[in-house]
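Below is one structure, written out as structure tokens; comments come after it.
Protein chains: 2
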Amino acid sequence: MDAIAPLPSRLGVVAAGGTIPIAVCEVAQKNGIDVYVAAIKGIADPAIERFPHSWVRLGELGNLLNTLKSAKCAEIVIVGAIKRPDLWNVGVDFGFIWHLPTILSLTRGGDDSLLKRVVKFFEGQGFTVRGAHEIAPELLAPSGPFGRISPTEENHHDMRRGFALLAALSPFDIGQGAVVARGHVLAVEAAEGTDEMLKRCETLQQWGGRKRAGVLVKAPKSDQELRVDMPVIGPRTVEFAAKAGLAGIAVASGRVMIANQAEMIALADRHELFIAGVDI
Amino acid sequence: MDAIAPLPSRLGVVAAGGTIPIAVCEVAQKNGIDVYVAAIKGIADPAIERFPHSWVRLGELGNLLNTLKSAKCAEIVIVGAIKRPDLWNVGVDFGFIWHLPTILSLTRGGDDSLLKRVVKFFEGQGFTVRGAHEIAPELLAPSGPFGRISPTEENHHDMRRGFALLAALSPFDIGQGAVVARGHVLAVEAAEGTDEMLKRCETLQQWGGRKRAGVLVKAPKSDQELRVDMPVIGPRTVEFAAKAGLAGIAVASGRVMIANQAEMIALADRHELFIAGVDI
Numbered sequence: 001m002d003a004i005a006p007l008p009s010r011l012g013v014v015a016a017g018g019t020i021p022i023a024v025c026e027v028a029q030k031n032g033i034d035v036y037v038a039a040i041k042g043i044a045d046p047a048i049e050r051f052p053h054s055w056v057r058l059g060e061l062g063n064l065l066n067t068l069k070s071a072k073c074a075e076i077v078i079v080g081a082i083k084r085p086d087l088w089n090v091g092v093d094f095g096f097i098w099h100l101p102t103i104l105s106l107t108r109g110g111d112d113s114l115l116k117r118v119v120k121f122f123e124g125q126g127f128t129v130r131g132a133h134e135i136a137p138e139l140l141a142p143s144g145p146f147g148r149i150s151p152t153e154e155n156h157h158d159m160r161r162g163f164a165l166l167a168a169l170s171p172f173d174i175g176q177g178a179v180v181a182r183g184h185v186l187a188v189e190a191a192e193g194t195d196e197m198l199k200r201c202e203t204l205q206q207w208g209g210r211k212r213a214g215v216l217v218k219a220p221k222s223d224q225e226l227r228v229d230m231p232v233i234g235p236r237t238v239e240f241a242a243k244a245g246l247a248g249i250a251v252a253s254g255r256v257m258i259a260n261q262a263e264m265i266a267l268a269d270r271h272e273l274f275i276a277g278v279d280i
Numbered sequence: 281m282d283a284i285a286p287l288p289s290r291l292g293v294v295a296a297g298g299t300i301p302i303a304v305c306e307v308a309q310k311n312g313i314d315v316y317v318a319a320i321k322g323i324a325d326p327a328i329e330r331f332p333h334s335w336v337r338l339g340e341l342g343n344l345l346n347t348l349k350s351a352k353c354a355e356i357v358i359v360g361a362i363k364r365p366d367l368w369n370v371g372v373d374f375g376f377i378w379h380l381p382t383i384l385s386l387t388r389g390g391d392d393s394l395l396k397r398v399v400k401f402f403e404g405q406g407f408t409v410r411g412a413h414e415i416a417p418e419l420l421a422p423s424g425p426f427g428r429i430s431p432t433e434e435n436h437h438d439m440r441r442g443f444a445l446l447a448a449l450s451p452f453d454i455g456q457g458a459v460v461a462r463g464h465v466l467a468v469e470a471a472e473g474t475d476e477m478l479k480r481c482e483t484l485q486q487w488g489g490r491k492r493a494g495v496l497v498k499a500p501k502s503d504q505e506l507r508v509d510m511p512v513i514g515p516r517t518v519e520f521a522a523k524a525g526l527a528g529i530a531v532a533s534g535r536v537m538i539a540n541q542a543e544m545i546a547l548a549d550r551h552e553l554f555i556a557g558v559d560i
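Sequence lines, in order, name chains A and B. FYI, the numbering for the first sequence is 1 to 280, going by this note's numbering. FYI, the numbering for the second sequence is 281 to 560, going by this note's numbering.
Shown next, in the form of structure tokens:
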């Protein structure tokens, strides 16, 4: 990982969905950082309200920028999941219209260039955009197996093939995830996302009913904008992987975030799935 | 394409699903070749019965080999689609058990090595395995647009990106198909097959309701065993592509087969989709 700039004393948190924004705020406060949350309405977890906050609609860009500026946040993190359909039903304000030329090329599918543009946009507005992983490195996947189960030799073979596949897909701005079972690529994630990919693996596994096989591999694309788009796994990923009959989950250590780590590991142990961080 | 050996006067046709086996028999007869069909029960189209034939269960390998030998077919084609679930419910005969060591490693997902093993198996039994495209080259995709609609510049850009992606996937024994829209990879085909991939694109297209965008690209893997595993498109592919809101379909000319060409082109014209063969 690159050297990390000193942490700010005050941090704006643009919070989208999931529990990661809450975890980031907790870690930041623990480390003595004042946080102010701009929570995206209808998307951020209402539990975020226990931190100083304002609710902002997705698309109310003028409102969002003013919120962050009024709260005197020179440094911000943009963190949490946004489901793609949410992007289609954006209610916009004048700030959005004003910045429309910058926004116009928002597209679906390869998100990487989109998210890089988001970072550039906020930087252009005078903010320093920090990565959630800089603020809360303890949320990153460590190396090695996390839970009770360790990958077998066959699983390691599938993991190597999977990570090689993700590397080959990187130039095409896809490839955060894939499923490899007994050396065969079952599924490749593109615009549908990891959960959808895992769902279809339920019907793709060959030796249904027998012992678990196959590995979900997850890693960022080689030039992915990790400041706003760190891959995340959590308990739901484990549930879908278990339903798909997989043996486990392998992630790039230090470059994938873990939501609800304790719950996720307990769930993996219960399902007898391994979860492992791999130094790639 | 490689130079093609002279056509035999007598040809065994191992017929699986779809209309391609029928088309191959028709072309063969027109060219003065005696055909004898070993039709896979429950999988081959019953219309195949108008050619001299026997029905053989999938898995009755002894029966299949005897059928072909009794019909004095030294050269054979193995043609048509086998849905993967069919492979799990195989009723086997003694011939299958006998040959089990050769068959044991049948796997799902990357089919390429499996199909190469099928060819080797029949060759080991003394048969010459011909490609359906050698017997009936008129079923191959020609170069250029087939129907009324031609690809736009944007479509050409998507096609180039799609074929580059398929080439990058080839070493992983997947990648017969992908969907690229406005430069972004929407979906990559692995074990689920083209139809399933197109189905999920219905919900992945960004600008729903507006004009069509995106291209399905199909090409064989670089070392695909074309004698038994030529990619095929047909009217159903066009239906799914239209439902997914795509602008068209691009295939590797000379290396993808077309089922029901006239019907497919009429359907594409009706849906205002282009279909084009590309020399890659």
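Beta carbons are placed, not taken as given, at the ideal position from N, Cα and C, and that holds for glycine. Predicted model, so just to flag it, every value in this text is computed and none were measured.
Which residues DSSP lists as bridging residue i, in chain order
i          : result
Lys-218(A) : Gly-177(A), Val-251(A)
Arg-130(A) : Val-77(A)
Phe-520(B) : None; Phe-520(B) has no bridge partner.
Leu-11(A)  : Val-35(A)
Phe-121(A) : The partner list for Phe-121(A) (beta bridge, DSSP) is empty, contrary to what the question assumes.
Gly-234(A) : According to DSSP, which records beta bridges pairwise, Gly-234(A) is partnered with nothing at all.
Val-228(A) : Val-228(A) pairs with nothing; no bridge assigned.
Ser-70(A)  : In DSSP, Ser-70(A) forms no bridge with anything.
Rounded straight-line distance, which links the Cα of residue j to that of residue i
i          : j          : result
Pro-235(A) : Leu-553(B) : 42 Å
Cys-73(A)  : Ala-250(A) : 36 Å
Arg-255(A) : Ser-54(A)  : 30 Å
His-436(B) : Gly-528(B) : 10 Å
Gly-162(A) : Leu-267(A) : 23 Å
His-184(A) : Pro-151(A) : 17 Å
Val-188(A) : Ala-181(A) : 12 Å
Gly-131(A) : Pro-422(B) : 51 Å
Glu-192(A) : Pro-8(A)   : 36 Å
Ile-233(A) : Gln-261(A) : 9 Å
Asp-453(B) : Gln-205(A) : 17 Å
Leu-384(B) : Gly-406(B) : Bear in mind that a pLDDT of 48 at Leu-384(B), under 50, signals an unreliable position, so the number given afterwards is only what the model happens to contain. Between Leu-384(B) and Gly-406(B), the C-alpha separation is close to 21 Å.
Cys-481(B) : Asn-31(A)  : 44 Å
Met-510(B) : Val-294(B) : 15 Å
Phe-122(A) : Gln-224(A) : 17 Å
Gly-525(B) : Ala-493(B) : 7 Å
Pro-451(B) : Ala-219(A) : 19 Å
Glu-60(A)  : Thr-67(A)  : 11 Å
Leu-169(A) : Met-439(B) : 16 Å
Glu-476(B) : Lys-501(B) : 19 Å
Asp-34(A)  : Lys-69(A)  : 14 Å
His-413(B) : Leu-420(B) : 7 Å
Asp-549(B) : Ala-556(B) : 12 Å
Ile-538(B) : Arg-290(B) : 24 Å
Lys-491(B) : Phe-520(B) : 16 Å
Ala-178(A) : Glu-154(A) : 16 Å
Lys-116(A) : Gln-29(A)  : 27 Å
Val-118(A) : Ile-358(B) : 53 Å
Lys-523(B) : Leu-466(B) : 15 Å
Leu-65(A)  : Gln-176(A) : 30 Å
CA nearest to the CA of residue i, picked from the options
i          : options                                        : result
Phe-51(A)  : Val-278(A), Phe-122(A), Arg-130(A), Ala-23(A)  : Ala-23(A)
Ile-48(A)  : Ala-16(A), Arg-212(A), Leu-65(A), Asp-34(A)    : Ala-16(A)
Leu-58(A)  : Gly-32(A), Ile-82(A), Ala-164(A)               : Ile-82(A)
Cys-305(B) : Leu-345(B), Val-465(B), Ile-356(B), Glu-433(B) : Ile-356(B)
Ile-429(B) : Gly-298(B), Val-307(B), Ile-545(B)             : Ile-545(B)
Gly-18(A)  : Lys-243(A), Ile-275(A), Asp-34(A), Lys-41(A)   : Lys-41(A)
Leu-560(B) : Thr-474(B), Met-510(B), Ala-447(B)             : Note that residue 560(B) is Ile in the sequence shown, not Leu. It is Ala-447(B).
Gly-427(B) : Glu-543(B), Lys-501(B), Met-439(B), Gln-309(B) : Glu-543(B)
Leu-496(B) : Arg-507(B), Lys-479(B), Met-510(B), Glu-505(B) : Lys-479(B)
Pro-286(B) : Glu-434(B), Leu-395(B), Val-409(B)             : Val-409(B)
Gly-360(B) : Ala-470(B), Val-317(B), Gly-342(B)             : Val-317(B)
His-271(A) : Ile-258(A), Val-119(A), Val-278(A), Val-238(A) : Val-238(A)
Ala-532(B) : Arg-507(B), Gly-424(B), Val-459(B), Glu-434(B) : Gly-424(B)
Pro-137(A) : Lys-120(A), Leu-226(A), Gln-176(A)             : Leu-226(A)
Val-228(A) : Leu-186(A), Lys-120(A), Val-56(A), Ile-43(A)   : Lys-120(A)
Residue i, enclosing alpha helix (DSSP H) - first and last residue
i          : result
Asp-314(B) : No alpha helix (DSSP H) holds Asp-314(B); the beta strand (DSSP E) holding it covers 314-320.
Ile-43(A)  : Counting along the chain, Ile-43(A) falls outside any alpha helix (DSSP H), and DSSP gives it neither H nor E.
Ala-268(A) : 261-271
Leu-478(B) : 474-481
Ile-275(A) : Note, Ile-275(A): premise wrong, no alpha helix (DSSP H); beta strand (DSSP E) at 274-278.
Val-307(B) : 300-310
Range covered by the beta strand (DSSP E) that runs through residue i
i          : result
Leu-449(B) : First-last for Leu-449(B): 433-449, but that is the alpha helix (DSSP H), not the beta strand (DSSP E).
Ala-187(A) : 184-188
Val-56(A)  : 53-56
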